[in-house]
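Colleague: I am attaching a structure below and will ask some questions about it afterwards.
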Amino acid sequence: MSHTAQTTDRPLRTLVLGGARSGKSAYAEQLVASEAVRYVATAVADPADADFAERIAAHRARRPAHWTLVEGDPVAALNEATPVTLVDDLGTWLTARLDARAAWESPRGTVSPDLDRLVTAVDHYRERLVIVSPEVGLGVIPATASGRLFRDEIGTLNQRLAEVCDEVILVVAGQALRVKPDRAAASAAALTDAAAANSPVTVESSAQLFDNATGQAAAQGVPGAADAARPVGAGADQSAPPAVPGVGSVRPDASELGMTAAVPGTEAAASTTADAGGVATTGGSGSSVATAAQASGAVVGVADSEVVVDAPRLSKPVRISFGPVMGPDPMVRAAAEERQLQLTKPAGALGRLEKLANWVSACQGVCPPKQFERARVVVFAGDHGVAKHGVSAYPSEVTGQMVANFLHGGAAVNVLARLADASVRVEDIAVEGDTAPEISKHKVRRSSGSIDREDALSEAEVQAALAAGAAIADEEIDSGADLLIAGDMGIGNTTPATVLIAAITDTEPVIAVGRGTGVDDAGWIRKTAAIRDAMWRARPVVKDPVALLRTASGADLTAMAGFLARAAARRTPVILDGVVVTAAALVADQLAPGARAWWVAGHRSSEPSHTIALQRLDLEPLVEMNMRLGEGSGAVSALPLLRAAVATLADMATFAEAGVSTADAPAESAGA
Numbered sequence: 051m052s053h054t055a056q057t058t059d060r061p062l063r064t065l066v067l068g069g070a071r072s073g074k075s076a077y078a079e080q081l082v083a084s085e086a087v088r089y090v091a092t093a094v095a096d097p098a099d100a101d102f103a104e105r106i107a108a109h110r111a112r113r114p115a116h117w118t119l120v121e122g123d124p125v126a127a128l129n130e131a132t133p134v135t136l137v138d139d140l141g142t143w144l145t146a147r148l149d150a151r152a153a154w155e156s157p158r159g160t161v162s163p164d165l166d167r168l169v170t171a172v173d174h175y176r177e178r179l180v181i182v183s184p185e186v187g188l189g190v191i192p193a194t195a196s197g198r199l200f201r202d203e204i205g206t207l208n209q210r211l212a213e214v215c216d217e218v219i220l221v222v223a224g225q226a227l228r229v230k231p232d233r234a235a236a237s238a239a240a241l242t243d244a245a246a247a248n249s250p251v252t253v254e255s256s257a258q259l260f261d262n263a264t265g266q267a268a269a270q271g272v273p274g275a276a277d278a279a280r281p282v283g284a285g286a287d288q289s290a291p292p293a294v295p296g297v298g299s300v301r302p303d304a305s306e307l308g309m310t311a312a313v314p315g316t317e318a319a320a321s322t323t324a325d326a327g328g329v330a331t332t333g334g335s336g337s338s339v340a341t342a343a344q345a346s347g348a349v350v351g352v353a354d355s356e357v358v359v360d361a362p363r364l365s366k367p368v369r370i371s372f373g374p375v376m377g378p379d380p381m382v383r384a385a386a387e388e389r390q391l392q393l394t395k396p397a398g399a400l401g402r403l404e405k406l407a408n409w410v411s412a413c414q415g416v417c418p419p420k421q422f423e424r425a426r427v428v429v430f431a432g433d434h435g436v437a438k439h440g441v442s443a444y445p446s447e448v449t450g451q452m453v454a455n456f457l458h459g460g461a462a463v464n465v466l467a468r469l470a471d472a473s474v475r476v477e478d479i480a481v482e483g484d485t486a487p488e489i490s491k492h493k494v495r496r497s498s499g500s501i502d503r504e505d506a507l508s509e510a511e512v513q514a515a516l517a518a519g520a521a522i523a524d525e526e527i528d529s530g531a532d533l534l535i536a537g538d539m540g541i542g543n544t545t546p547a548t549v550l551i552a553a554i555t556d557t558e559p560v561i562a563v564g565r566g567t568g569v570d571d572a573g574w575i576r577k578t579a580a581i582r583d584a585m586w587r588a589r590p591v592v593k594d595p596v597a598l599l600r601t602a603s604g605a606d607l608t609a610m611a612g613f614l615a616r617a618a619a620r621r622t623p624v625i626l627d628g629v630v631v632t633a634a635a636l637v638a639d640q641l642a643p644g645a646r647a648w649w650v651a652g653h654r655s656s657e658p659s660h661t662i663a664l665q666r667l668d669l670e671p672l673v674e675m676n677m678r679l680g681e682g683s684g685a686v687s688a689l690p691l692l693r694a695a696v697a698t699l700a701d702m703a704t705f706a707e708a709g710v711s712t713a714d715a716p717a718e719s720a721g722a
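This is the structure:
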């Protein structure tokens with residue numbers, strides 16, 4: 051496969067920049083946390099420098115045990131390809147090269163041959179590569195000749211590497227910002243290359259267009275992203291959510307997007323709407339095309355005096371992007387591990403409860419952790435065209451009926467959630483029939499396409515579904531949710547879920563296919579055939595997560611993927627449910643690399659593909675009860691265990707507080 055083809059599948063070479071104590075190394079490690087990594091350590095401990103030795107020890111403790119450590123020159127290491135390599139960091143490497151050439155008092159460029167060799171090695175490397183380097187000016191640089199030399203050489207090296215790397219991430223105060231590719235420029239290009247003047251749209255639709263362009267920053271995980279500017283105009287509904295959450299109330303004007311707009315006369319625009327990606331359209335084509343209100347939740351109906359403006363007519367929607375996310379705080383996790391040793395119990399005596407509590411502490415960024423006060427279940431409902439071909443034991447109309455059951459509190463997830471002190475929200479993303487208005491504001495379409503013979507969604511619809519999931523996560527987090535659970539409801543939804551899992555993990559259909567709602571042998575054969583055909587259709591796009599969702603999932607699974615990716619970007623922990631949610635999680639972790647660090651698996655479904663997905667995500671389920679209901683029921687069943695883990699770390703007394711002797715306490719002398 052050519053280099054160009056590979057870089058369209060996934061970033062091959064990532065340069066992570068940041069200042070001292072910025073979190074750049076921890077971020078880089080999260081990018082490849084679940085992989086078998088060759089870790090190239092460029093630093094060599096100096097026995098006389100205790101502080102630096104402690105830093106090296108902290109890095110070693112943080113790295114997974116299955117990683118392979120290589121100490122020395124990264125140029126030599128890159129001459130031998132391995133699937134995943136992490137180099138940390140180039141500051142100490144450059145220092146070593148300056149030392150080796152005794153070049154600290156020499157003119158700039160003395161180490162240029164070393165820089166040339168490194169840049170060439172990176173440019174020719176064809177496997178996954180992550181490089182950590184200090185960004186010029188973000189660290190303490192002595193105002194000396196040597197300090198200026200180091201600054202100039204590392205700046206030159208970083209610029210040269212940025213040219214040959216596929217992506218560049220800047221980490222500041224633990225927050226990651228993608229600087230290559232330039233998302234703002236990409237958005238503007240997507241707008242301008244498809245623009246055609248004098249296509250009237252309502253003010254609301256134009257505002258949605260701007261929100262789509264500015265939503266890139268919110269997709270990177272900026273807190274408060276749900277406070278996006280709302281559509282404005284006479285009679286506009288100020289409660290309507292944006293198609294793609296923006297950042298605060300900031301919206302660029304047309305000139306910032308490379309667009310022009312003029313105020314026309316009094317032309318009518320009654321037949322014109324905007325689709326989910328801000329594409330001006332007229333009319334529709336059945337269930338495969340959603341109106342703006344269905345696709346993005348935007349309000350297009352306004353008073354008779356609404357203002358009309360000329361805006362570009364777009365031939366394609368602007369994609370929502372999530373980007374890599376930082377993992378839970380490793381320093382707080384270490385503090386939690388230390389506190390575990392002080393509690394009145396033998397070390398490790400509470401088993402996985404201890405690890406769970408440490409994870410929650412790291413997610414919350416505090417030790418001891420706080421008990422969850424607003425755990426929230428969101429059930430994503432949608433029908434699937436493939437259900438019409440005999441892959442389920444139940445008819446499609448059950449989806450709408452069960453949605454009503456959720457609203458009345460009569461479903462299994464409602465009962466379990468009440469017991470676990472969680473609340474339940476249901477969202478109609480693609481139910482075939484009509485549902486209550488309060489749960490259908492994010493509806494994308496009626497049912498998804500039959501994936502064994504057609505795409506599940508259009509490009510506009512897949513973007514609308516991703517945006518809907520992200521917006522729902524923002525709504526919940528902004529309203530105080532501190533723990534999220536995604537649930538599913540849709541007849542036939544285990545079929546696209548299995549397709550996603552089997553396609554991503556390259557698993558044969560017969561190994562992955564389960565009984566779903568309980569199909570008989572004939573139904574299982576039909577289901578396997580449908581999954582086989584859908585996998586064949588998905589094979590060309592398996593490396594592109596958005597295209598894969600469009601081709602072989604459904605609006606509900608796509609919204610779940612957006613929900614899970616945004617929750618991770620907003621640093622909010624999630625309990626995953628069964629096979630459908632975990633299939634969406636597989637894709638979400640591709641949309642937002644590192645997202646899996648924010649998830650814990652609630653249970654193991656009896657569906658065989660669920661185990662395959664959990665293994666790929668490197669997640670161990672909390673409970674195993676042979677459940678396969680969905681709805682979020684398995685995750686909610688595990689919630690009390692997570693609460694118990696928090697309580698043990700937060701509320702147990704320490705040895706000192708309880709006056710209990712520890713194993714290393716000095717023994718009292720005889721007769722004392």
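Residues 51 to 722 in the working numbering are what the sequence shown lists, from first letter to last.
Just so you know, even glycine gets a beta-carbon here, dropped at the ideal spot from N, CA and C.
These figures come from a predicted structure and were not determined experimentally.
1. Could you check whether Val182 and Ser729 sit closer than 8 Å to each other, using their CB atoms as the reference points?
2. Would you check if the distance between the CB atom of Leu664 and the CB atom of Pro671 is smaller than 8 Å?
3. If distances are taken between C-alpha atoms only, which option among Glu674, Arg63, His439 comes closest to Leu136?
4. If Ala644 sits next to Pro374, beta carbons under 8 Å apart, how far is it from one beta carbon to the other, in whole angstroms?
5. Residues in its own chain within less than 7 Å of Ala46 by CB, not counting five upstream and five downstream?
6. Please say whether Ala131 and Glu177 have beta carbons closer to each other than 8 Å?
7. Give a yes or no on contact between the stretch 461 to 481 and the stretch 492 to 510, applying the rule of three or more CB pairs nearer than 8 Å.
8. For Ala506, report the span of its beta strand (DSSP E) as first-last.
9. What is the C-beta distance between Gly612 and Ala531, in whole angstroms, given that I count them as a contact (C-beta under 8 Å)?
10. Quick one: what's got a C-beta closer than 7 Å to Thr712's C-beta in the same chain, skipping five residues either side?
11. Tell me, please, whether the stretch 673 to 688 touches the stretch 527 to 545 by the rule of three or more beta-carbon pairs shorter than 8 Å.
12. Looking only at its own chain, which residues have a Cβ that is under 6 Å from the Cβ of Ala523, when we skip the five neighbours before and after it?
13. Of the residues Pro595, Cys417, Ala609, which one's Cα is nearest the Cα of Glu511?
14. Counting along the chain, where does the beta strand (DSSP E) carrying Phe430 start and finish?
15. Quick one: what does DSSP say Ala642 is sitting in, helix, strand or coil?
16. To the nearest angstrom, how far is it from the Cα of Gly435 to the Cα of Val549?
17. Strictly by DSSP, which residues pair up with Lys230?
18. Quick check: the stretch 541 to 559 against the stretch 436 to 443, are at least 3 beta-carbon pairs closer than 8 Å?
19. Return helix, strand or coil for Gly612, following the three-state DSSP convention.
20. Using DSSP with H/G/I as helix, E/B as strand and the rest coil, what is Pro184?
21. Any idea if Asn208 is buried or exposed, counting beta-carbon neighbours within 10 angstroms, 16 or more meaning buried?
22. Rounded to whole angstroms, what is the Cα-Cα separation between Ala397 and Leu391?
23. Between Leu667 and Thr194, what straight-line distance do the alpha-carbon atoms span, to the nearest angstrom?
24. Excluding sequence positions up to five away, which residues of its chain have a Cβ less than 8 Å from the Cβ of Ile204?
25. Excluding the five sequence neighbours on either side, which residues of its own chain have a C-beta within less than 6 Å of the C-beta of Arg383, listed in chain order?
26. Between Leu533 and Phe422, how many whole angstroms is the CB-CB distance? I'm expecting something under 8 Å.
27. What would DSSP say about Ile370, mapped onto helix, strand or coil?
28. How would you call Ala386, buried or exposed, if buried means at least 16 neighbouring beta carbons within 10 angstroms?
29. Between Ala547 and Val629, how many whole angstroms is the CB-CB distance? I'm expecting something under 8 Å.
30. Looking only at DSSP bridge pairs, what is Met539 linked to?
31. Using a Cβ distance threshold of 8 Å, determine whether the stretch 580 to 592 contacts the stretch 551 to 559, with at least three qualifying pairs required.
32. Closest by CA to Ile501, which one among Ala697, Ala597, Gly680, Leu179?
33. Indicate whether Arg426 and Ser473 have their beta-carbon atoms separated by less than 8 Å.
34. According to DSSP, is Trp409 helix, strand or coil?
35. Which partner residues does Gly68 have in the DSSP bridge list?
36. Assuming the contact rule is C-beta atoms closer than 8 Å, Leu689 and Ala462 should be a hit. Round their C-beta distance to whole Å, please.
Modeller: Judging by the given coordinates:
1. There is no way to answer for residue 729, as the model of the chain reaches only from 51 to 722.
2. A contact, by the Cβ cut-off of 8 Å.
3. Arg63
4. Checking the sequence shown, residue 644 turns out to be Gly, not Ala. 5 Å between Cβ atoms; contact.
5. Any property of residue 46 remains undetermined from this structure, which presents the chain solely from 51 to 722.
6. yes
7. yes
8. Premise fails: Ala506 is in no beta strand (DSSP E) and is neither H nor E.
9. Gly612 to Ala531, Cβ: 16 Å. No contact.
10. Phe705
11. yes
12. Phe613, Arg616, Ala617
13. Ala609
14. 425 to 432
15. coil
16. Whole-angstrom Cα-Cα distance: 14 Å.
17. Val218
18. Look at the beta carbons and you see the stretch 436 to 443 touching the stretch 541 to 559: at least three pairs across the two are nearer than 8 Å.
19. helix
20. Strand.
21. buried
22. Inter-residue distance for Ala397 and Leu391 is about 6 Å (C-alpha atoms, whole angstroms).
23. For Leu667 and Thr194, the distance between alpha carbons rounds to 48 Å.
24. Leu140, Gly141, Leu144, Ser183, Pro184, Val186
25. Asn408, Ala412
26. 5 Å
27. coil
28. By the beta-carbon neighbour count (other beta carbons within 10 angstroms, threshold 16), Ala386 is buried.
29. 5 Å
30. Answer is Ala431.
31. yes
32. Ala597
33. yes
34. Annotated three-state conformation of Trp409 is helix, per DSSP.
35. Pro184, Val221
36. Actually they do not touch by this definition, with Cβ atoms about 14 Å apart.
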